[in-house]
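Notes for the one structure printed next.
Numbering (this note's numbering), first residue to last: 423 to 541.
Below is the structure:
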């Protein structure tokens, strides 16, 4: 549905480490980047763009990334925690969303709620 998302982040290096690690199990890689921005997504089409913006602190955003299976959801959660994310709900079913909804949630270094979901 969307073409790309841009997030302003207070620490580009920390956010880049988090998203590179957490999204690798979902097939996403680091694309174009320098000291002021980083693009992450499929190898040929980065769609998540991180922009350095010192002093920025918003109310937080929710991002949900589609995962191919339950194993990838669990790997996203584990890699994201190791890369500095905060647990916001481990991998598991979310029957209150739908009978087959399976997801994990992390808080990124800027306070955004990041989800991997296998509906």
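Cβ atoms here follow ideal geometry from the backbone N, Cα and C, with glycine treated the same way.
(request) Output the residue ranges of the alpha helix (DSSP H) runs that lie fully inside the stretch 448-514 and measure 4 residues or longer, sorted by chain position. (result) 492-504
(request) Go ahead and label residue 460 buried or exposed: buried means 16 or more other beta carbons lie within 10 angstroms of its beta carbon, across all protein chains shown. (result) By the neighbour-count rule (16 or more Cβ atoms within 10 Å), residue 460 is buried.
(request) Within the same chain, show all residues whose beta-carbon is closer than 8 angstroms to that of residue 465, passing over the 5 residues directly before and after it, in chain order. (result) 451, 453
(request) Using alpha carbons as the reference points, say which of 483, 497, 482 lies closest to residue 489. (result) 497
(request) Give a yes or no on whether the minimum CB-CB distance between residue 434 and chain D is below 8 angstroms. (result) The displayed structure is made up of one protein chain only, and chain D is not part of it.
(message) Just to confirm before moving on: does the CB-CB distance between residue 473 and residue 458 stay below 8 angstroms?
(response) yes
(request) Could you name the residues of the same chain whose beta carbon sits closer than 7 angstroms to that of residue 436, not counting the 5 residues immediately before and after it, in chain order? (result) 506, 531
(request) Give a yes or no on whether the C-beta atoms belonging to residue 525 and residue 538 are separated by under 8 angstroms. (result) Result yes, Cβ atoms of residue 525 and residue 538 sit closer than 8 angstroms.
(request) Give me the Cβ distance between residue 534 and residue 527, rounded to the nearest whole Å; I'm assuming they're in contact under 8 angstroms. (result) About 11 angstroms; that fails the 8 angstroms criterion.
(request) Flag this pair as yes or no: are the beta carbons of residue 429 and residue 483 separated by less than 8 angstroms? (result) yes
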